[in-house]
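In UniProt numbering, the protein residues as written are 1 to 562.
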């Protein structure tokens with residue numbers, strides 16, 4: 001969120017020929033006829049390589065058993081991209097969530113079944129009959145890494161900060177809060193102007209990370225330079241574009257269960273190099289494994305692959321009215337694709353999602369046509385409905401819109417080989433539908449900056465996903481959403497999302513989200529492409545590492561094997 005949370009693309013093995021340019025066009029052309037896009041409740045792994053990854057079987061990892069690990073040692077984890085700001089209020093990157101999970105505990109967490117469990121809170125919240133008062137019981141017997149007491153006042157201070165700090169990505173996640181009070185040291189009372197069903201789920205991520213009020217006051221907007229929370233580890237140092245180092249926090253309330261002395265996150269953007277470092281033992285954990293690397297890695301006795309279906313998606317976003325940067329008043333972009341939804345519909349029609357998943361990802365990933373995962377309790381046939389691949393109809397819509405074909409559109413994407421590979425496949429596909437897609441690769445940090453400034457026509461980026469659909473939708477397409485970089489605004493969509501936010505009836509919310517997805521397919525501000533599996537490599541020299549469907553690597557209580 002204040003630099004957008006991004007999912008990683010599954011890269012190819014370095015020993016395989018790069019699929020790019022003419023080769024992408026040839027492979028895509030050969031496959032599309034046999035891989036037409038259809039309505040979707042996709043099964044993970046159909047037709048993929050002969051590996052357990054291809055079966056779609058989840059492998060979350062196991063907590064370390066008593067006596068299985070030893071104290072001491074330094075852990076190194078390879079990250080596929082550099083985290084953004086290490087401030088829970090301002091961060092938007094998945095990679096920062098990896099780091100946060102080791103040093104910034106939350107009021108609530110999610111377990112391997114994506115169910116909410118207390119962490120710094122002592123029980124689930126209690127909501128009043130009218131839905132406007134939420135009472136959260138919290139601990140008051142622990143302290144932050146700087147020695148500041150953790151209590152209800154600290155929770156109040158953090159939520160107030162999330163709601164008021166300039167650039168905060170948490171404000172829209174927290175909903176219509178009118179007041180936060182510390183009833184006593186163990187009780188936080190949140191008052192709302194209207195019911196807000198997604199609140200508890202929001203508190204399982206960065207909105208629920210409580211920061212030291214002393215450090216927050218002292219550092220202000222520079223909190224990310226020396227973040228202080230409650231967690232197994234505390235911040236030590238950061239070398240930009242290289243590494244982030246955490247050390248064990250002796251003040252942590254469960255320090256006896258923390259085994260490593262230090263955790264270093266090393267930035268290694270090339271998937272092949274991450275895999276090589278994992279094999280050599282230079283790193284013990286590597287995120288975002290290549291789909292082609294996985295079968296070989298699984299055969300190595302000293303490695304294991306943790307995997308699960310992601311709750312998020314990858315997609316492309318059109319800039320419709322983000323002319324002056326996110327957070328500023330909307331102003332219509334004067335490009336044909338921004339002004340006419342028929343052009344955006346044509347672009348979606350030109351994309352063969354199933355062909356994309358088959359050719360680029362060997363069917364390891366799955367087709368996505370909405371922001372709601374098929375594994376979500378809010379999933380229905382309506383929300384999984386897919387626009388069929390139809391380049392002929394795409395051309396007809398472009399003709400109806402009165403544009404000259406091929407219509408040139410520039411798309412910014414991250415400049416790593418994996419993102420470029422996806423972009424080249426899209427370029428080849430949409431050409432048949434009447435588009436000339438111009439690929440504009442930029443550094444990841446620059447891409448995040450450009451999308452916030454509105455300096456793009458089309459953007460390829462994704463979202464790691466949350467357990468409540470509201471966090472996967474409203475921030476991105478709701479008017480004024482903190483990540484609505486499209487500048488999309490529609491009263492019908494806003495009304496439906498507001499109704500869904502105010503209801504605790506799952507069936508009612510399902511029906512409302514079906515209507516939202518239908519409207520989004522008509523307007524296409526954001527075209528959903530695919531859902532990927534979380535693939536994480538772990539050395540067997542380490543025990544206790546876990547990765548749940550939220551994609552976050554949990555290593556706080558891991559240790560070196562005895």
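Every residue, glycine too, gets a C-beta built ideally from N, C-alpha and C.
Just so it is clear, the structure is predicted and the values come from calculations on it, not from any experiment.
Judged by their CB atoms, residue 338 and residue 319 are nearer to each other than the 9 Å cut-off.
When the beta-carbon positions are compared, residue 558 and residue 70 stay at least 9 Å from each other. When the Cα atoms are used, residue 241 and residue 555 turn out to be separated by approximately 22 Å. With 16 or more other Cβ atoms from the protein chains shown falling within 10 Å of its own Cβ, residue 93 counts as buried.
Relative to the Cα of residue 307, the nearest Cα in the group 316, 297, 301 and 315 belongs to 297. Take residue 416, set aside five residues on each side of it, and the residues of its chain with a beta-carbon closer than 7 Å to its own are 269, in chain order.
In this structure, the beta-carbon distance from residue 344 to residue 525 falls below 9 Å.
Under the DSSP assignment, residue 476 falls in the alpha helix (DSSP H) whose first and last residues are 470-477. Distance check between residue 243 and each of 57, 135 and 86 places 86 closest, using alpha-carbon atoms only. Taking a contact to require three or more Cβ pairs closer than 8 Å, the stretch 443-459 and the stretch 386-397 do not qualify as touching.
The continuous stretches of alpha helix (DSSP H) do not include residue 548, and DSSP gives it neither H nor E. Per DSSP, reduced to three states, the secondary structure at residue 199 is helical.
Following the DSSP letters along the chain, one finds residue 243 in no alpha helix (DSSP H) but inside the beta strand (DSSP E) bounded by residues 243-248. Taking residue 475 as the centre and dropping the five residues before and after it, the same chain places the C-beta of 172, 481, 482 and 483 closer than 6 Å to its C-beta, in chain order.
Look at residue 272 here: in three-state DSSP terms it is helix. Taking C-beta atoms as the reference points, residue 352 and residue 73 fail to come closer than 9 Å. For residue 108, the uninterrupted beta strand (DSSP E) run begins and ends at 108-110, by DSSP.
The stretch 357-430 contains, as complete alpha helix (DSSP H) runs of 4+ residues, the segments 381-384 and 391-401 (chain order). If you compare the alpha carbons of 185, 150 and 512 with that of residue 135, the shortest gap goes to 185.
Closest in C-alpha terms to residue 160, from the list 149, 175 and 148, comes 175. Boundaries of the beta strand (DSSP E) harbouring residue 237: 233-239, taken from the DSSP string.
A straight-line Cα-Cα distance of about 21 Å links residue 90 and residue 459. Between residue 348 and residue 391, the CB-CB gap reaches or exceeds 9 Å.
Distance check between residue 340 and each of 284, 400, 288 and 211 places 400 closest, using alpha-carbon atoms only.
Contact check for residue 61 against residue 314 fails: the beta carbons are separated by 9 Å or more. Per the coordinates, the alpha-carbon of residue 477 lies some 43 Å from the alpha-carbon of residue 299.
With 16 or more other CB atoms across the displayed protein chains lying within 10 angstroms of its CB, residue 109 is buried. By the C-beta density criterion, residue 470 is buried, having at least 16 other C-beta atoms within 10 angstroms. Distances from the CA of residue 195 to each of 129, 223 and 229 were compared; the closest alpha carbon is that of 129. Counting along the chain, the unbroken alpha helix (DSSP H) around residue 520 starts and ends at 506-523. For residue 179, the enclosing beta strand (DSSP E) stretches over residues 177-184.
Residue 214 and residue 251 have their C-alpha atoms roughly 16 Å apart. Collapsing the DSSP output to three states places residue 540 in coil. Three or more beta-carbon pairs separated by less than 8 Å are not found between the stretch 376-383 and the stretch 527-540, which leaves the two stretches without contact. Of all alpha-carbon atoms in 137, 425 and 154, the one lying nearest the alpha-carbon of residue 144 is that of 154.
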